[in-house]
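Here's the structure we're looking at; comments come further down.
Written out as structure tokens, the structure is:
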């Protein structure tokens, strides 16, 4: 029964996201469409983090770095295309989304693979600190890239149609592009965690030594999961770049990685959909609480502490409780 | 590079190294004994700096302000330990990371409320403001030398405390086997509070010394915190000796990593990345760090 209830909660929320632009237009509150588009973009990044954090037990404190890399790939290629300067003097830039988005995933995924190669040799507390340190390195790398604006960021124009079908400047059209990608990411992630691969990742979370004793070479599985999560986070970043037409290293500041962890835990980790709910609540709070008090973090910080101490099951666990807190059986 | 510049930078790197060591020592003790990862350690660095700046403004006395600021940082740490962190020792690392992340947000905002959002510039105390010629033709700020000496003195004190006193024996025993130490009748909870407060005092001291050099502002503890993580990862988590060696190495690499690319015409991006590349290199060969802690 519990599972059915969860399925209903998910269906209702995804349905609400689907009709949101229509409702916003009816109520003449179109401003919400852009706000929720951003929420859905960060939800994709949060789902990617849930893959490794919730299912793999890998506490990655650098997910925002992959997000930023994806965004910068789109930004830099578009910027070059705009000015007609070859990238690294080698190949022409491009604004074409069908090239820049997959490339963003490729570069973010490759970076994740490289970082995973080092950081996944360790576990626990080492892993947290090392992913944080590498993310900081990437942050400083982009801060020092003066050619692309450094700390001030880079303004650019991307292609304005997605696959020649939807105009990215169309508030509603682009919302549905993001929405469709989120649904696709959710569906593929759901398939992934239920596959043999996903079972191995879950097994590693529960007891890596036992998995190795069973004959699984766990490292390649972990590395693959880490790489996939990095690539998906890069895709979210690529969407964000098109959304904003501007990118600065601020999106990969280390606190942004912390925010993503908060979104995942707030929503309920190891549930895939929980992080979507978590991202929604987090970003709405971040948007609206400052209207009441400038010092909202004075409340939000202790609130995180209280959530950790007393409400670890997350929103999804609260809305649709289950026998166990995390999925996977 | 001239010899004079080299010596000046060497001293700078040592001074950064001891600051990092003061941070790393507290963090690594807390990890070694409580098995706790504390992101909010940088907050105590910041609190030490703010308290000292305020105390100097009001009392005008350096000798009074420094001990009071250190005690203040330790006291705040004690309150945090008793109210929040104590409940987290038995939790997994993710919970600890999240809760202490919440504490960072809280403290960064709190100092903005109490002291305003802008950075506070504090002067080097008049007593220590001069320059001294260590070798002819190379004047070096007295203050930085004092920081260096104080940091080294604290390192020696820590060694004495841990290797030669009863408290140190309990700390070492607690790091090896908590349960057994508790079973032998030691009040583990009090030991934890004491060690945590000690770590906060060290962080507060590092922060108040860094204040006049780098400025006092909200979030000042965050940058040093991540560098401290690099130190701890390189040194081996839980190892004080490793923290000391790694702090000096990171101080060197960070300082010279900023100059060498300029001198050699390499990309400036390397400057900020140097210590992380170092960390990656060391991890590749020694995943547990240079001095893995026993047990």
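Protein chains in written order, with our numbering: chain A, 2 to 330; chain U, 7 to 301. All C-beta atoms in this analysis are idealised placements derived from N, C-alpha and C, irrespective of residue type, glycine included. Predicted, not measured: the structure shown is a model, and the values here were computed from it.
How is the alpha helix (DSSP H) around residue 40 (chain A) delimited, first residue to last?
-> On the first chain, residue 40 (chain A) is found 39 positions in, with the first residue counted as 1. Here the alpha helix (DSSP H) through residue 40 (chain A) covers 32-51.
Answer with buried or exposed for residue 175 (chain A), where buried requires no fewer than 16 other C-beta atoms within 10 angstroms of its C-beta.
-> The count along the first chain starts at 1 and reaches residue 175 (chain A) at position 174. Counting Cβ neighbours within 10 Å, residue 175 (chain A) comes out buried, since at least 16 surround it.
Using the DSSP secondary-structure output, state which residues sit across from residue 146 (chain U) in a beta bridge.
-> Position 140 of the second chain, counted from the first residue, corresponds to residue 146 (chain U). According to DSSP, which records beta bridges pairwise, residue 146 (chain U) is partnered with U:138.
Return the first residue and the last residue of the alpha helix (DSSP H) that residue 335 (chain A) is part of.
-> The first residue shown for chain A is 2 and the last is 330, placing residue 335 (chain A) beyond what the model contains.
What does a CB cutoff of less than 6 Å around residue 78 (chain U) pick up in its chain, not counting 5 residues either side in sequence?
-> Counted from its first residue, the second chain places residue 78 (chain U) at position 72. Closer than 6 Å at the Cβ level, and outside the excluded window around residue 78 (chain U), lie 57.
So is residue 1 (chain A) in contact with chain U if we call contact Cβ pairs under 8 Å?
-> With chain A covering only 2 through 330, there is no way to say anything about residue 1 (chain A).
Where the alpha helix (DSSP H) containing residue 97 (chain A) begins and where it ends = The count along the first chain starts at 1 and reaches residue 97 (chain A) at position 96. Taken as a continuous stretch (DSSP letters only), residue 97 (chain A) belongs to no alpha helix (DSSP H), as it is neither H nor E.
Say whether chain U places a C-beta atom closer than 8 Å to the C-beta of residue 306 (chain A).
-> Along the first chain, one-based indexing puts residue 306 (chain A) at 305. Judged by the 8 Å Cβ criterion, residue 306 (chain A) is in contact with chain U.
Under 7 Å (Cβ pairs) to chain U, residues found in the region 176-200 of chain A = Of all residues in the region 176-200 of chain A, none is placed with a Cβ closer than 7 Å to any Cβ belonging to chain U.
Does any residue of chain U bring its CB to less than 8 Å from the CB of residue 259 (chain A)?
-> Counted from its first residue, the first chain places residue 259 (chain A) at position 258. So, interface residue.
Do you know offhand how far residue 50 (chain U)'s Cα is from residue 222 (chain U)'s?
-> On the second chain, residue 50 (chain U) is found 44 positions in, with the first residue counted as 1. On the second chain, residue 222 (chain U) is found 216 positions in, with the first residue counted as 1. Residue 50 (chain U) and residue 222 (chain U): Cα-Cα distance of roughly 13 Å.
Which residue comes first and which comes last in the alpha helix (DSSP H) that contains residue 63 (chain U)?
-> Locating residue 63 (chain U) in the second chain gives position 57, counting from the first residue. Unbroken alpha helix (DSSP H) run through residue 63 (chain U): 47-65.
Given 8 Å as the limit, is there contact between the region 58-66 of chain A and the region 127-141 of chain A, that is, 3 or more CB pairs closer than that?
-> Yes: at least three Cβ pairs fall under 8 Å.
Contact with chain U by residue 205 (chain A), beta-carbon distance below 8 Å | Along the first chain, one-based indexing puts residue 205 (chain A) at 204. Residue-level contact check: residue 205 (chain A) does not touch chain U, since none of the beta carbons of chain U fall below 8 Å from its beta carbon.
In terms of residues, what are the limits of the alpha helix (DSSP H) holding residue 258 (chain A)?
-> The residue you call residue 258 (chain A) lines up with position 257 of the first chain. It spans 255-268 - the alpha helix (DSSP H) in which residue 258 (chain A) sits, taken as one unbroken run.
Note down the Cα distance separating residue 133 (chain U) from residue 252 (chain A), rounded to an integer number of angstroms.
-> Position 127 of the second chain, counted from the start, is the residue given in the question as residue 133 (chain U). Position 251 of the first chain, counted from the start, is the residue given in the question as residue 252 (chain A). Their Cα atoms are separated by approximately 43 Å.
Are the C-beta of residue 299 (chain A) and some C-beta of chain U separated by less than 8 Å?
-> Numbered from its first residue, the first chain carries residue 299 (chain A) at position 298. Chain U contact via Cβ: present.
Along the region 237-262 of chain A, what residues have a CB closer than 7 Å to any CB found in chain U?
-> Against chain U - using a Cβ distance shorter than 7 Å - the residues of the region 237-262 of chain A are 255, 259, 262.
List, in order along the chain, the chain U residues whose C-beta lies closer than 8 Å to that of residue 137 (chain A)?
-> Translated into positions along the first chain, residue 137 (chain A) becomes position 136. Here the neighbours are 232, 282.
Using a Cβ-Cβ distance under 8 Å, would residue 105 (chain U) count as near chain A?
-> Here residue 105 (chain U) refers to the residue found at position 99 when the second chain is read from its first residue. Using beta-carbon distances, residue 105 (chain U) counts as an interface residue toward chain A, with a partner under 8 Å.
If you run the structure through DSSP and keep just helix, strand and coil, what is residue 104 (chain U)?
-> In the second chain, counting from the first residue as 1, residue 104 (chain U) sits at position 98. If DSSP states are grouped into helix, strand and coil, residue 104 (chain U) belongs with the helices.
The region 251-262 of chain U touching the region 281-288 of chain U, judged by at least three CB pairs closer than 8 Å | Cβ pair count under 8 Å is three or more, so yes.
From the beta carbon of residue 109 (chain U), is the nearest beta carbon of chain A less than 8 Å away?
-> Here residue 109 (chain U) corresponds to residue number 103 of the second chain, with the count starting at 1. At a cut-off of 8 Å between C-beta atoms, residue 109 (chain U) counts as an interface residue with respect to chain A.
C-alpha gap between residue 317 (chain A) and residue 12 (chain A), whole angstroms = Translated into positions along the first chain, residue 317 (chain A) becomes position 316. Translated into positions along the first chain, residue 12 (chain A) becomes position 11. Within the model, the alpha-carbon separation for residue 317 (chain A) versus residue 12 (chain A) is close to 12 Å.
Please indicate yes or no: does the CB of residue 300 (chain A) lie closer than 7 Å to some heavy atom of the ligand NAP?
-> Summarising the ligand content, the structure contains no ligands, and the ligand NAP is consequently not present.
At least one CB of chain U closer than 8 Å to the CB of residue 276 (chain A): is that the case?
-> On the first chain, position 275 is the one that residue 276 (chain A) refers to. So no, residue 276 (chain A) is outside the interface.
What does residue 285 (chain U) touch in chain A if you count any residue whose Cβ is under 9 Å from its own?
-> Locating residue 285 (chain U) in the second chain gives position 279, where the first residue counts as 1. Here the neighbours are 119, 131, 134, 135, 138.
Local conformation of residue 228 (chain U) per DSSP, three classes | Sequence index remark: in the second chain, residue 228 (chain U) carries index 222 (1-based). Helix.
For residue 328 (chain A), decide whether its Cβ has a neighbour in chain U, counting only Cβ atoms nearer than 8 Å.
-> To locate residue 328 (chain A), count along the first chain from 1; it is residue 327. Summary for residue 328 (chain A): the model assigns pLDDT 47, below 50, so the residue's position carries little reliability; its value from the coordinates is reported in the next sentence. Using beta-carbon distances, residue 328 (chain A) does not count as an interface residue toward chain U, since no partner is under 8 Å.
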